[in-house]
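In this note's numbering, the protein residues as written are 5 to 107. By construction, the Cβ of each residue, glycine as well, lies at the ideal position given by its N, Cα and C atoms. Since the model is a prediction, treat every value here as computed from it, not as a measurement.
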């Protein structure tokens with residue numbers, strides 16, 4: 005279940021799907037600063053749940069409130085991302101595809 009989090013001075017889009025080259029969809033939460041970009045982007049890919057307050061949400065909130073877009077993505081097969089979790093097997097391609105999607 006996605007947590008409802010309404011921090012001030014930023015906008016969050018939850019469970020945004022990114023399709024990888026093999027058609028597997030990965031789930032990201034995206035934190036945006038208020039205003040109009042373009043902004044630099046920080047990508048966080050994690051097997052530990054992109055909704056962890058102390059690991060992800062606090063950092064993403066801080067950076068978004070200071071002018072960065074933060075894309076926090078559950079890796080393949082974990083939490084709201086599709087596929088099978090196989091540590092280190094798909095990280096390169098999935099990371100590459102996500103960066104291409106961000107760009």
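Cβ-based neighbour list, residue i, same chain, cut-off 8 Å, excluding 5 preceding and 5 following
i          : result
residue 48 : 54, 60, 63, 64, 74, 75, 76, 77
residue 80 : 24, 28, 30, 86, 87, 88, 89, 90, 94, 98
With 16 other Cβ atoms within 10 Å as the buried cut-off, status of residue i
i           : result
residue 16  : buried
residue 34  : buried
residue 96  : exposed
residue 102 : buried
residue 113 : The chain is shown from 5 up to 107; residue 113 falls before or after that span and cannot be answered.
residue 21  : exposed
Residue i, enclosing alpha helix (DSSP H) - first and last residue
i          : result
residue 95 : 95 to 106
residue 32 : Where residue 32 is concerned, there is no enclosing alpha helix (DSSP H), although the beta strand (DSSP E) it sits in stretches over 29 to 37.
Range of the contiguous beta strand (DSSP E) that encloses residue i
i          : result
residue 23 : 14 to 23
residue 50 : 45 to 50
residue 77 : 73 to 78
Coil, strand or helix - residue i by DSSP
i          : result
residue 5  : Low local confidence applies: a pLDDT of 43 at residue 5 is under 50, so the model's placement there is unreliable, and no value is given.
residue 89 : coil
residue 55 : coil
residue 40 : coil
residue 67 : helix
Cutoff 7 Å; reference residue i; Cβ partners in own chain excluding five residues on either side
i           : result
residue 106 : 45, 47, 75
residue 99  : 49
Contact set for residue i: own chain, Cβ-Cβ below 6 Å, skip 5 residues either direction
i          : result
residue 69 : 13, 14
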